[in-house]
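Quick note, in our numbering, the sequence shown goes up one by one and the last residue is 739.
C-beta atoms are modelled at their ideal positions from N, C-alpha and C, and glycine is treated no differently.
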Amino acid sequence: MQAEISNFQSSNPITRFRVALVCMPFLTFQRPSIQIGLLTSIAEQAGFSTDAHHLNLDLAARITPEVYEGLCDHRGRMTSEWLFSIAAFGQDVSADDAAYFRAFPQETEWLKEIGKDTGYLSTLRHEILPRYIEDCLASVDWGRYLVVGFSSTHQQHVACLALARRIKECYPEVQIVFGGANLEDEMGPEYVRAFPFIDYAVVGEGDIVFPALLRCLAAHEQPKNLPGLVRRVNGGVQFYGQATPVRNMDALPVPNYDEYFERTRRLGLKPYGILPFETSRGCWWGQKHHCTFCGLNGLGITYRAKSPRHVLTELSELTRKHRISLFGATDNILDMKYVKNFFTVISEAKTDYQFFYEVKANLSREQIQTLYRGGLRWIQPGIESMSSRVLQLMRKGSTMLQNVRLLKWCCYYKIRVSWNLIWGFPGETKEDYRQELEVLKLLPHLQPPGGASRIWLERFSPYFTEQGAFPIHDVRPEASYSYVYPAYVELDKIAYFFDYQMENTTKDDVHSETCEWVREWRRRWEAGSSYTLTYRRTDDALFIDDNRGIDKMIPFVFEGPLALIYEYCSETMRTVPQVVEYLGSLPDGQQFPQNEIRGALDVFCQAGLMLSEEGKYFSLAIPANPNW
112 MQAEISNFQS SNPITRFRVA LVCMPFLTFQ RPSIQIGLLT SIAEQAGFST DAHHLNLDLA
172 ARITPEVYEG LCDHRGRMTS EWLFSIAAFG QDVSADDAAY FRAFPQETEW LKEIGKDTGY
232 LSTLRHEILP RYIEDCLASV DWGRYLVVGF SSTHQQHVAC LALARRIKEC YPEVQIVFGG
292 ANLEDEMGPE YVRAFPFIDY AVVGEGDIVF PALLRCLAAH EQPKNLPGLV RRVNGGVQFY
352 GQATPVRNMD ALPVPNYDEY FERTRRLGLK PYGILPFETS RGCWWGQKHH CTFCGLNGLG
412 ITYRAKSPRH VLTELSELTR KHRISLFGAT DNILDMKYVK NFFTVISEAK TDYQFFYEVK
472 ANLSREQIQT LYRGGLRWIQ PGIESMSSRV LQLMRKGSTM LQNVRLLKWC CYYKIRVSWN
532 LIWGFPGETK EDYRQELEVL KLLPHLQPPG GASRIWLERF SPYFTEQGAF PIHDVRPEAS
592 YSYVYPAYVE LDKIAYFFDY QMENTTKDDV HSETCEWVRE WRRRWEAGSS YTLTYRRTDD
652 ALFIDDNRGI DKMIPFVFEG PLALIYEYCS ETMRTVPQVV EYLGSLPDGQ QFPQNEIRGA
712 LDVFCQAGLM LSEEGKYFSL AIPANPNW
């Protein structure tokens, strides 16, 4: 049998067909690329010898992890793409850095966060990064591969183009393949048209089309009629449509992260120790009500999920292999079935996994508790606003009180929350944001937003794809693209972000006080001097300790029905009839008068201890007892 296998391998062209998959800056160095890890496993499963190259790690080691991560985190004005433009395009783009800095003066301000200035950016652009690309070219024998694939998401694209061009110049026989979110829809064909060194692009999910392409190339066949493939034909470009999406998520293999960890050890880097994994693709909420400003998922918004049992098997294998039990889900939204069928199972098994997930904000306290017990420690809930009316304009499917409830119980269970405030929605008013600020000023004991800004216009968002349905005009590629790409690239086809004019929205100065409040809130939180609002209960009383925005604690004491009312509205929002029913009957058999209950609830609101909306009331204080 062994001899038969050896004979097969020596005669089978697939076994002599070697593939390289490359991860370029500016992807964080703190964790491996799930795209590279998954495609490595898929290609190997299909019978192709495959090597991964996390070359982004080499740059992190070269310019220091702190500076590198600062560049990864900064998404404004295509800075990271612009930095690689000289290495990628040479004289086809302007070498005048001062023009870029004049056009986008805010790009000089954020540099203080990493202790650098514009002179350092110029050194990167003209010296360090071109040299880095040449070192990447020299560090690997690219000629041993018949296919070199680049995964490109967010601000990785120009670095990928820079290295791909040099590989093709030195090794013309190597087939260059691009894939990833930056190639979605018309972006992929335009990149193939504009850059002759790209032989193929995968548009959409590559799990099916990529191994199919490899099989064609290994057999010396023309890859025709492969959905998701763009190829160069007779000097032109042929596109076979969006890739067929994966339906059976359980059929996907476990990502191979071996090379990432080998390279981090070799370079002496200390990664964050979080493994990316996926349990679903698409967005079940977006299928029904696509948030107006959201461009995530591209054309692959259809929701599909792995079975919890399959994911648990994957986690066990990854943990056993890498000795890491901290996982970051790449899902755009948590499958609600996982609350019971995944997190509860982990909790009952007393398994010490920890997770990051993107979730919908309307989770109940009980669900948050279940998620915490199952290892959830960090979420991105897409809160976006503290105005129910603005949330409705967004099509978020959540309310202000639900957002506050999430923040409160995540604070109690010590779950980190990443969220932001945004504005710029047709139909919004100054009054919406005045009321929002009133809410925000009651929440300094909860985790603050990461920032506040006007929305970006993203390709694939309803604001972009349904422009006739909204008062939007003058849509054009975001201005910094013209500083990044040569003139022969059609920017309207490759841009993901767009400048625009939107009517019937508030001006930015309406939000100046909110932005200032958020900055101070964040400053105190990051300094560890955040405010508190807690309650303690006894048999017949409730004690609330409040030091929000003042130098000393203000104590409140409530007894009898008032104590019961406040605590009853602590877990979730309650209406007046619900409170009346909860309190039961008076000694004479009569119910508490609704007007008296409403009056008591309004007193709590006036004291800033509760929030109300549309007849629902919610208590803001957090239980002081961590075992509540």
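| query | Under 8 Å between the Cβ atoms of Tyr383 and Arg142? | reply | Against a cut-off of 8 Å, the Cβ pair of Arg142 and Tyr383 comes out as a contact.
| task | Please name the residue in Tyr524, Ser196, Pro364 whose C-alpha comes closest to that of Ile478. | result | The amino acid at residue 478 is misidentified as Ile; the sequence shows Gln. It is Tyr524.
| Which of the three DSSP states, helix, strand or coil, is assigned to Val714? | Residue state, collapsed to three classes: helix.
| task | Quick one: measure Cβ to Cβ for Ser591 and Trp193, integer angstroms, because I've assumed they're closer than 8 Å. | result | Taking the Cβ atoms as the reference, Ser591 lies roughly 7 Å from Trp193, within the contact range of under 8 Å.
| Under a three-way DSSP split, which group does Leu380 fall into? | Assigned with DSSP and collapsed to three states, Leu380 falls in coil, not helix or strand.
| query | Hey, how far is the Cα of Gly660 from the Cα of Tyr642? | reply | Straight-line Cα distance between these residues: approximately 7 Å.
| query | Counting along the chain, where does the beta strand (DSSP E) carrying Ile583 start and finish? | reply | Per DSSP, Ile583 belongs to the beta strand (DSSP E) from 583-588.
| query | According to the neighbour-count rule (16 or more other Cβ atoms, all chains shown, within 10 Å of its Cβ), is Met721 buried or exposed? | reply | Residue environment analysis places Met721 among the buried positions, since at least 16 neighbouring C-beta atoms fall within 10 angstroms of its C-beta.
| task | Give a yes or no on whether the C-beta atoms belonging to Ala199 and Ala154 are separated by under 8 Å. | result | In this structure, Ala199 lies away from Ala154, with their beta-carbon atoms at least 8 Å apart.
| query | Cys680 to Asp442, Cα distance in whole Å? | reply | Each residue's Cα considered, the two are about 33 Å apart.
| field | Cβ contact (3+ pairs, closer than 8 Å) linking the segment 251-260 and the segment 277-289 | value | Touching, yes.
| field | Chain-order list of residues whose beta-carbon lies under 6 Å from that of Gly719 (same chain, five-residue window excluded) | value | Within its own chain, the residues whose Cβ lies closer than 6 Å to the Cβ of Gly719, once the five positions on either side in sequence are excluded, are Leu553, listed in chain order.
| Using a Cβ-Cβ cut-off of 6 Å (strictly less than) and excluding sequence neighbours within five positions of Ala157, which residues of its own chain qualify? | Hits under 6 Å: Pro322.
| field | Closest by C-alpha distance to Phe388, when choosing among Thr616, Leu429, Phe372 | value | Checking every option, the nearest Cα to that of Phe388 belongs to Leu429.
| said: How far does the beta strand (DSSP E) with Thr645 in it extend, from its first residue to its last? | reply: From DSSP, the beta strand (DSSP E) with Thr645 extends over 644-648.
| said: Classify Ser640: buried if its beta carbon has 16 or more other beta carbons within 10 angstroms, exposed otherwise. | reply: So Ser640 ends up on the exposed side.
| task | Determine the DSSP secondary structure at Gln398, reduced to helix, strand or coil. | result | Look at Gln398 here: in three-state DSSP terms it is helix.
| CA-to-CA distance, Gly562 to Ala270, given in whole angstroms | Ala270 and Gly562: Cα-Cα distance of roughly 28 Å.
| task | Could you tell me which uninterrupted beta strand (DSSP E) segments, each at least 3 residues in length, are contained entirely in the segment 402-440, listed from first to last along the chain? | result | Segments of the beta strand (DSSP E) lying fully in the segment 402-440: 437-440.
| Nearest-angstrom beta carbon gap, Glu724 and Ala512 [assumed within contact, 8 Å] | The identity of residue 512 in the sequence shown is Leu, whereas the question assumes Ala. Separation of the CB atoms of Leu512 and Glu724 is rounded to 5 Å, and the pair is thereby assigned contact status at 8 Å.
| query | When we look at the beta-carbon of Ala732 and count the other beta-carbons within 10 Å, is it buried (16 or more) or exposed? | reply | Buried, since its Cβ has 16 or more Cβ neighbours within 10 Å.
| said: For a cutoff of 8 Å on Cβ pairs, would you count Leu166 as touching chain D? | reply: The structure shown contains no chain D, having only a single protein chain.
| task | Assuming Leu340 contacts Val357 (C-beta within less than 8 Å), just tell me the rounded distance between them. | result | Not really, about 16 Å apart at Cβ, beyond 8 Å.
| field | CB-CB length for Arg506 against Thr403, believed under 8 Å | value | Yes, they are in contact, since the Cβ atoms of Arg506 and Thr403 sit about 6 Å apart, within 8 Å.
| Coil, strand or helix - Lys461 by DSSP | Of the three classes helix, strand and coil, the one that applies to Lys461 here is coil, per DSSP.
| Which residues in the same chain have their Cβ closer than 6 Å to the Cβ of Arg236, if we skip the five residues on either side of it in sequence? | Cβ neighbours of Arg236 beyond the five flanking positions: Leu194, Ile197.
| said: According to DSSP, Glu495 sits in a beta bridge with which residue or residues? | reply: Bridge partners of Glu495 according to DSSP: Leu532.
| Taking DSSP as the reference, what is the three-state secondary structure of Asp208? | DSSP places Asp208 in helix when its eight states are reduced to three.
| request: With DSSP as the reference, label Val365 as helix, strand or coil. | output: In this structure, Val365 counts as coil in the three-state DSSP scheme.
| task | Check whether the segment 453-473 touches the segment 491-502, counting contact only when three or more Cβ pairs, one atom from each stretch, lie closer than 8 Å. | result | At 8 Å Cβ cutoff, the stretches touch.
| field | Cβ neighbours of Gly406 in the same chain (closer than 8 Å, five flanking residues each side left out) | value | Around Gly406: Glu569, Arg570, Phe571, Ser572, Phe575, Tyr607.
| query | Can you tell me where the alpha helix (DSSP H) with Met613 in it begins and where it stops? | reply | Segment 608-613 is the beta strand (DSSP E) holding Met613; no alpha helix (DSSP H) there.
| Where Met447 falls, given that 16 or more other Cβ within 10 Å makes a residue buried | Label assigned to Met447: exposed.
| field | Of the listed residues Ser152, Phe137, Thr139, nearest to Ala131 (C-alpha basis) | value | The shortest C-alpha separation from Ala131 is found at Ser152.
| request: Please work out which residues of its chain come closer than 7 Å, Cβ to Cβ, to Leu170, disregarding the five sequence neighbours upstream and downstream, and give them in chain order. | output: Closer than 7 Å at Cβ, skipping near neighbours: Pro136, Tyr179, Tyr243.
| message | In whole angstroms, give me the CA-to-CA distance for Trp567 and Phe536. | response | So the alpha carbons of these two residues sit roughly 11 Å apart.
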